[in-house]
Amino acid sequence: MKKILFSLLMLSAVMVKAEAHSNDKFDDYNCFAVVAGKNATVDGSVLLAHNEDDSGEQMLNIYTVPRNNEKGTNKYVWIEFPGMKVADAALNEYGVAVVSDACRSREDRFDVTDGGVVYEVRMTVAKYARSARHGVDLVKELMEKRGYKHSGRTYIIADCNEAWVCALVRGRHWVAQRVPDDKVMIIPNNYCIKEVDLSDTANFCGSPDIITYAQERGWYNPEVDGEFSFKKAYSAPATYHADRNYIRHMSALNHVTGNDYTTDPNTYPFAVKANRKIGIADMIQILASHGENVSVKVKHKKTPLHPSCICVDRTINASIFQLRSWLPTEVGSLIWTTGGRPCYELFVPWYAGMSKSPKGFERFATAAEAEEKHFSDAKDMRINYPKFAAWKFISFWEWLLTDYNKYIGVTKQNVGKMQEELFKNQSAFEESLKACYDSKTKQITDRAKLEKTLNGYTAKTYDRYFKLLDKIRKSQK
Ligand SMILES: [Zn+2]
């Protein structure tokens, strides 16, 4: 039995790997994001939801990085995948969140200084941004000084007041747009900004020649194309029309509006008005979509086990940033995050005010060392760091794949119950935190106690969750 189990495990590992590589050339299934403005959500928070999709086995680390007054850097919660340039996410002490989705451009010129930037973009925002808008200014600075090295990417930067999407193109071209407060925006792996009006500085920011450059390159012809559409002009055509992109876009659009959409990405608005207020449970449903609500199915996916749409085999982390303006940032801004696929994993809250990660989430004693070795120490992680939380999530996924159809029901039922409980408990838990701050001024009055309580809450949740995962596996023997 052991032998059979082992070969099944090996087989599933090979399958996951092969699938991941077959997708690489399309550069899609490389993350997915949904942003809801503060007037579009149930509780008035800005919500930013994101699936992190990557090939290969990745080790999830989550650091609570302290402020460095000498260097002038912020305190932040850092979701780190060692060795990865475009997988990390962060939430800093100003409640600024940053994630990204690959969006391939058609740019073939390489106008950068000192090699250009990639990883620096998210780290700069995490370390220095004091608001989402300030984050956009920092991106502008990086684009002007260095330029972007990869083909293209959309960074989503949000705080408790607003969210901005920054579409970067290889070289110096870029454009950012503010997500309307009453709308929901969806970003698969193609640019989603359409009309650009740089004179409207409250809603746009970008390179001044964004339209004229497209004309010069023959990517936009006003006589043929009509009004300028950034996504149409700058997207790599293959990515733009990839079925995996429009199918995921359709699924999310349908979820928030209840309407059906065509398969033509040109018909999708920049952002939509939802048919109701959107909550965290909605975001989980969108991130977990296996395409149940769309008639067009993903064609390239061969894995017979885990169905695929927005939630895919290669989704290694899903995060929902809940950003609330009426509470101190330490309490009001948090990440609900998973150790794997959102269709069955628990979303565990990490508050911006935490000062210590639970055991098993930081492979180094300090975040400074982790950052220094982010690229150099990224091989054989499972061998070198066997006792970390990351493998608990991954080994559960491997077990699930040994008989997905048999195990998914009992898993969803048990984890779903714990998730419900966490949601229900949120207000009572946050009520108890009021003892640590002044509700009128939002000033923290007992930081030590606040940090200890927040740290303990997350740690205890993981303790319970890992026990639950063990229990589920044992119950199926
Ligand atoms: Zn799934």
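Just so we're aligned: 181 in our numbering is position 196 of the sequence shown, and the numbers increase by one with no gaps anywhere. Even for Gly, the Cβ is constructed at its ideal location relative to N, Cα and C.
Using a 10 Å radius around the Cβ and a threshold of 16 neighbouring Cβ atoms, would you call residue i buried or exposed?
| i | result |
| --- | --- |
| V257 | buried |
| R367 | exposed |
| N251 | exposed |
| F360 | exposed |
| E147 | buried |
| T351 | exposed |
| W311 | exposed |
| S90 | buried |
| N77 | buried |
| A460 | Contrary to the premise, residue 460 reads as Ser rather than Ala in this sequence. Answer is exposed; the Cβ neighbour count stays below 16. |
| V281 | exposed |
| N369 | exposed |
| G211 | exposed |
| N59 | buried |
| R432 | exposed |
| R261 | exposed |
| K452 | exposed |
| K372 | exposed |
| G120 | buried |
| V395 | exposed |
| D344 | Strictly speaking, residue 344 in this sequence is Lys, with Asp absent from that position. It counts as exposed. |
When you compare the CB positions of residue i and residue j, do they come within less than 8 Å of one another, or not?
| i | j | result |
| --- | --- | --- |
| I271 | I232 | no |
| W63 | A111 | yes |
| A143 | Y176 | no |
| V20 | K70 | no |
| R229 | V283 | yes |
| Y253 | L238 | yes |
| A72 | L33 | no |
| P67 | A363 | yes |
| A117 | W149 | yes |
| I195 | V181 | yes |
| L435 | E315 | yes |
Apart from the five residues on each side of it in sequence, which residues of its chain come closer than 6 Å, Cβ to Cβ, to residue i?
| i | result |
| --- | --- |
| G29 | K23 |
| F255 | K179 |
| I301 | E37, D39, Q43 |
| N53 | none |
| L466 | Since the first and last residues shown for the chain are -14 and 462, residue 466 lies out of range. |
| P334 | L319, W321 |
| R115 | Y79 |
Can you tell me the Cα-Cα spacing of residue i and residue j, whole angstroms?
| i | j | result |
| --- | --- | --- |
| Y107 | L386 | It should be pointed out that residue 107 corresponds to Arg in this sequence rather than to Tyr. Between R107 and L386, the C-alpha separation is close to 33 Å. |
| K468 | M128 | The requested residue 468 is not part of the displayed model; the chain covers only -14 to 462. |
| K437 | N390 | 41 Å |
| G338 | T443 | 12 Å |
| A74 | V84 | 5 Å |
| S(-3) | P292 | Only weak support exists for where S(-3) lies, its pLDDT of 41 falling under 50; the coordinates are left without a value. |
| I320 | A353 | 22 Å |
| Y61 | Y113 | 10 Å |
| N375 | K456 | The sequence given here has Ala at residue 375, not Asn. Each residue's Cα considered, the two are about 18 Å apart. |
| S136 | C88 | 8 Å |
| S417 | N174 | 41 Å |
| N206 | A218 | 9 Å |
| K397 | Y329 | 5 Å |
| Y392 | D365 | 29 Å |
| V31 | K427 | 19 Å |
| S318 | R202 | 43 Å |
| Y133 | G100 | 8 Å |
| G191 | F414 | 42 Å |
| T139 | F306 | 17 Å |
| K130 | V27 | 40 Å |
| Y336 | Y198 | 43 Å |
| S214 | P165 | 18 Å |
| E247 | S236 | Residue identity differs from the one stated: residue 247 is Thr in this sequence, not Glu. Computed Cα separation, rounded: 11 Å. |
| A303 | I141 | 15 Å |
| N15 | K425 | 43 Å |
| E65 | R163 | 26 Å |
| W204 | A223 | 14 Å |
| G41 | K409 | 36 Å |
Return the chain-ordered list of same chain residues with a C-beta closer than 8 Å to the C-beta of residue i, the five sequence neighbours on each side being excluded.
| i | result |
| --- | --- |
| F349 | A355, K358 |
| V169 | V19, V20, A21, G22, A25, V241, A256, V257, K258, A259, I263 |
| T430 | C421, Y422, D423 |
| N399 | L453, K456, I457 |
With a CB to CB cut of under 7 Å and the five nearest residues on each side skipped, what residues in its chain are close to residue i?
| i | result |
| --- | --- |
| N440 | M339, S340, K341 |
| Q404 | L331, F332 |
| T109 | L123, L127 |
| F346 | N46, I47, A374 |
| L183 | F189, G191, P193 |
Would residue i pass as an interface residue toward chain D - the criterion being a Cβ-Cβ separation below 8 Å?
| i | result |
| --- | --- |
| E315 | As a matter of chain content, chain D is missing from the structure shown, which is built from one protein chain. |
Closer than 7 Å to a non-hydrogen atom of ligand 3 - does that hold for the CB of residue i?
| i | result |
| --- | --- |
| C16 | Ligands in the displayed structure: ligand 1; ligand 3 is not one of them. |
Hey, is the stretch 89 to 106 in contact with the stretch 151 to 158, meaning 3+ C-beta pairs nearer than 8 Å? yes
Meets three-Cβ-pair contact criterion under 8 Å: the stretch 316 to 336 and the stretch 369 to 383: yes
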